[in-house]
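J.: Taken in order, these protein sequences are the chains called A and B. Sequential numbering of the first sequence, starting at 70, is according to our numbering. Sequential numbering of the second sequence, starting at 108, is according to our numbering. Quick reminder that beta carbons are idealized off the backbone N, C-alpha and C, glycines included.
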Amino acid sequence: MTLSAADRKLRGESRWGTFALGVITWLVAALFFFPVFWMVLNSFKTELDANTRPKLFFEPTLDRWQAVTESIQGVLTFDTAFFNSFLIVIISTLLVLVLAIPAAYALSIYPIKAWRDALFFFISTKFLPVVAAILPLWILAKELGLLNTHLVLIILYTAMNLPLAVWMLRSFFGEVPRELIEAAQMDGTGLYGQIKDVMLPIVAPGVAATALLCFIFAWNEFFLAVQLNPVEGSTVPVWVSTNVTTRGNFMAKLSAASTLAVLPVVIAGWIAQKRMIRGLSMGAIK
Amino acid sequence: MAEVKYLEATRIYPGTDKPAVDRLSLTVEDGEFLVLVGPSGSGKSTALRMLAGLEACDEGSIWIGDRDVTLVQPKDRDVAMVFQSYALYPHMTVAQNIGFPLKQQKVPRAEREKQVLEAARILDLVEYLDRKPKQLSGGQRQRVAMGRAIVRQPQVFLMDEPLSNLDAKLRVQTRAELADLQARLGVTTVYVTHDQVEAMTMGHRVAILDYGVMQQVATPGELYRHPANLFVAGFIGSPAMNLIATTVEGGSVVFGTEHVELDPAVARAVADGGAADIKLGVRPQGLSLGTTGVPAKVVVVEELGSETFVFVELEHLGRTTRIRVRADADYHVSRGDQTHVRVLGPVHVFGADGSRLRNASEVEG
């Protein structure tokens, strides 16, 4: 939409003010984007180019991409790490949704008296730094024979994301008019039908946003993975860190690995973008 | 189709000690259109939701036909409800919305489509079947909500202010259509509204609630002619009845400088109960302006075209009292004019407890 001078005046905007705001926005965006850009750029350089004075112009090579995706016997390789990550992250995200949707539904539609306390309890589980819990977690995992398994990370990532998912979904469910659920009841729908046929189709963007966040958090998780599952069964963030060596230069190789690691999240985010924005702003606009 | 019975039904919301609905006893006949009316907070919606099963019944019981449904879940009560906001499912088309209750009953697809089309035809919605609710106007949405209710042929229709989101003209039109539809289908209907005109024009009988207590249940004419108490007298009738604090002297009631002769039964009741805190009730239609009667000054003139309502101030028991008088459309007065008010009747007299004193014909009847 183009605005006339009168429109701008009416809104209290000046042409220069709008222009300055635009410039600042672009500068801030560039500032945030630059490290990512530099990482991608580095991944196409030779180690020599990447480690000498910052170069914008160089001869691009796919050499480091090749090196980073090569399989080496006995080491966590690219394909194993990605397979593990997808397996663990997708299963844990699905588990989170399966558990969080009924919980959030109950808390928003049929709240117990102490629903605030229940919600606070959920979030309070995130107060404790993970590092403080790692020793008991490690001992438990060892006793149960879960060290170096996919299962231990699936359980922990589900537990880690569950409070967040319940909180998010509860507020999305809260946006759905109560009368719709009552209408469904009057129309002869049981609890399962109320969730499946009425609630979920309406809050689908919210569920998509929640699932994406859970996916991202689980995908990025490093600490638990490196402590409980450091070897063959481990995930992409651990694999990225294995490209840091004490011998020789590794900046270009690490950049290639990092670029590969963020790629699935970027793609998932890009696909979900439209839905997600609608989901995140659902509370703001009636 | 069935009879609906509330037996001493009471709802006390958790955290409050005053009941929202207080020992409501009411029978709705099979096929009757009963309107629950009252100001906001009177418990009328709560009473309806208790019948729907959306609110618990803390004491007493509720019956549909010969079945005690007090503890039956909403989905198993076989009642359909139209909500004030219509509560249409936004992600479904009109056809899916109307067919949803049938889908829940596992009605086969072909049969379902036939019934949806039938309902759409009754409600003039056939050309909108593929649209989503947000692509419809308010009146169309209201009809979809109706369609969802009628398609399953329930025992009872419940309607919670279904017309209050429509504009004034459409409301009047839909009012008549709704009443006609109910008469054709012959389904027992309980209808909630705060609008007394809606109540009077639609209901076979009207039940009036205030603070959760039922004040009176009767036909519209009966409510208008014989209101049970001050609340009903003030609530029913537009414009409202003039209610004037007064006293009784020797078998007649004081109105300004005049005395209005009382019905013998009323006079006896006043004599027995004492003349303190008596209120005289007379509708604007029961008064007239002219050259005889109580001297008064015109304050406000409301011309409605077909008739005129005139607010006048007169001296009554030493105080300036403002009352409303109906005048013919061709009767011209303006603010500041001096005039006289005459009582044509009927007059109602309300005792100290607010209830109307019954006249001789009612006492005998």
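1) Whole angstroms is fine: what's the gap from A136 (chain A)'s alpha carbon to I159 (chain A)'s?
2) List the endpoints of the continuous alpha helix (DSSP H) containing F342 (chain B).
3) Could you check whether V440 (chain B) and V405 (chain B) sit closer than 7 Å to each other, using their CB atoms as the reference points?
4) What's the gap between the Cα of E478 (chain B) and the Cα of G344 (chain B)?
5) Counting C-beta neighbours from all protein chains within 10 Å, is the total for I208 (chain A) 16 or more, i.e. buried, or is it exposed?
6) Return the first residue and the last residue of the beta strand (DSSP E) that Q445 (chain B) is part of.
7) Which two residues bound the contiguous beta strand (DSSP E) that contains T117 (chain B)?
8) Under a three-way DSSP split, which group does Y226 (chain A) fall into?
9) For the segment 233-307 of chain B, which segments carrying the beta strand (DSSP E) assignment without a break, of at least 3 residues, lie completely within its bounds, in sequence order?
10) Count Cβ pairs between the segment 303-322 of chain B and the segment 129-146 of chain B that sit closer than 8 Å; are there 3 or more?
11) Identify whether E356 (chain B) lies in helix, strand or coil by the three-state DSSP scheme.
12) What residues match up with N349 (chain B) in a beta bridge as DSSP calls it?
13) What do you reckon, are the CB atoms on V450 (chain B) and V432 (chain B) nearer than 7 Å?
14) Near G381 (chain B), which residues of its chain fall below 8 Å by C-beta distance, leaving aside the five closest residues on each side in sequence?
15) With 7 Å set as the bound, which would you pick, yes or no: does the beta-carbon of G257 (chain A) sit closer than that to a beta-carbon of chain B?
16) For the segment 187-210 of chain B, enumerate the residues whose C-beta is nearer than 7 Å to any C-beta of chain A, in chain order.
17) Contact between the segment 381-391 of chain B and the segment 346-364 of chain B: three or more CB pairs below 8 Å?
18) Would you mind working out which of B:E365, B:D317, B:G393 and B:L288 sits nearest R332 (chain B), comparing C-alpha positions?
19) Is there a Cβ of chain A sitting closer than 7 Å to that of K276 (chain B), yes or no?
20) Would P240 (chain B) pass as an interface residue toward chain A - the criterion being a Cβ-Cβ separation below 7 Å?
21) Apart from the five residues just before and just after V223 (chain B), which ones in its own chain have a Cβ nearer than 7 Å to its Cβ?
22) Buried or exposed for S193 (chain A), going by 16 or more other Cβ atoms inside 10 Å?
23) So that I know if they touch, is there some Cβ in chain A lying closer than 7 Å to that of K151 (chain B)?
24) What three-state label does DSSP hand L231 (chain A) in the structure shown?
25) Where does the unbroken alpha helix (DSSP H) through R96 (chain B) begin, and where does it stop?
26) Listed in chain order, which residues of the segment 242-256 of chain A have Cβ atoms closer than 7 Å to some Cβ of chain B?
27) Would you please verify whether the beta carbon of K213 (chain B) is less than 7 Å from any beta carbon of chain A?
28) Tell me which residues share the same chain as A119 (chain A) and place their Cβ nearer than 6 Å to its Cβ, disregarding the 5 neighbours each side in the sequence.
29) I271 (chain A) CB to nearest chain B CB: under 7 Å?
30) Taking only beta-carbon positions, decide if P181 (chain B) is within less than 7 Å of chain A.
31) Is it buried or exposed, P129 (chain A), if we count other Cβ atoms within 10 angstroms and call 16 or more buried?
32) P261 (chain B) and A187 (chain B): beta carbons closer than 7 Å?
33) Identify whether T134 (chain B) lies in helix, strand or coil by the three-state DSSP scheme.
34) Assuming V267 (chain A) and Y196 (chain B) make a contact with CB atoms under 8 Å, what is their CB distance in whole Å?
35) Can you say whether D370 (chain B) is buried or exposed, counting buried as having 16 or more other CB atoms within 10 angstroms of its CB?
36) For A159 (chain B), go through chain A and note every residue whose CB falls closer than 7 Å to its CB, in chain order.
T.: According to the structure shown:
1) Roughly 28 Å between the two C-alpha positions.
2) L337 to F342
3) Taking 7 Å as the cut-off, the beta carbon of V405 (chain B) is found closer than this to the beta carbon of V440 (chain B).
4) Examination of residue 478 (chain B) is not possible in this model, given that chain B is present from 108 through 472 alone.
5) exposed
6) Q445 to V450
7) V111 to R118
8) When DSSP states are grouped into helix, strand and coil, Y226 (chain A) belongs to the helix group.
9) 263-267 and 295-300
10) yes
11) strand
12) The partner list for N349 (chain B) (beta bridge, DSSP) reads B:V389.
13) no
14) A459
15) yes
16) A187, M188, F190, S192, A194, Y196, P197, H198, F207 and P208
17) yes
18) B:G393
19) No, no contact with chain A.
20) no
21) A202, I205, G206 and V258
22) That one is exposed.
23) no
24) helix
25) Residue 96 (chain B) cannot be examined here, being either before or after the span of chain B that is shown, 108 to 472.
26) P246, E248, L249, E251, A252, Q254, M255 and D256
27) no
28) N111, M320 and A321
29) yes
30) yes
31) exposed
32) yes
33) strand
34) 6 Å
35) buried
36) M255
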